[in-house]
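Some notes on the structure that comes next.
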Amino acid sequence: MNELPIDIDSLEPASLTKAQMAELLYERIGLSKRESKDIVDAFFDLIGKRLIDGDSVRISGFGNFQVRAKAARPGRNPRTGEAIPIEARRVVTFHASNKLKEKVQQDAM
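The sequence shown runs 14 to 122 under our numbering.
Structure follows, in structure tokens:
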């Protein structure tokens, strides 16, 4: 995997937005700002569509996004203590790859 020499430490706020991703593509690859934005939007649209269809998305060296079915279960209102049923639903989970976990761990030291 090619590492892009991009200085993301100078970005504000601490979380990386889609607009910032497009800007980084523009700076690094030299695409127009519109093309960079379109690529970022298309990337997330594809991931979203696959997840909506119930498919997994695996990005090598990064991690896996999966849709998981959660069964209905009893819940409780924390303020009143009243029993409330929690309906069955689908949730998106993310599991980081070992490669990503190792990089995060190395940078933490």
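Heads up, the beta-carbon is just placed ideally off N, CA and C, and yes, glycines get one too.
- Where R86 is concerned, the enclosing beta strand (DSSP E) starts and stops at R86 to R89.
- Note that the C-beta distance between L64 and I52 is not below 9 angstroms.
- Its chain contains S49, K50 and V53 as the residues whose beta carbon lies nearer than 6 angstroms to that of A35, once the 5 sequence neighbours on both sides are disregarded; these appear in chain order.
- If you draw a straight line from the Cα of E95 to the Cα of P87, it comes to about 11 angstroms.
- DSSP places A55 within a helical segment (H, G or I) once states are collapsed to three.
- F78 is positioned such that its CB atom lies closer than 9 angstroms to that of S69.
- Ranking P91, S110, F107 and K31 by CA distance to the CA of D58 puts K31 first.
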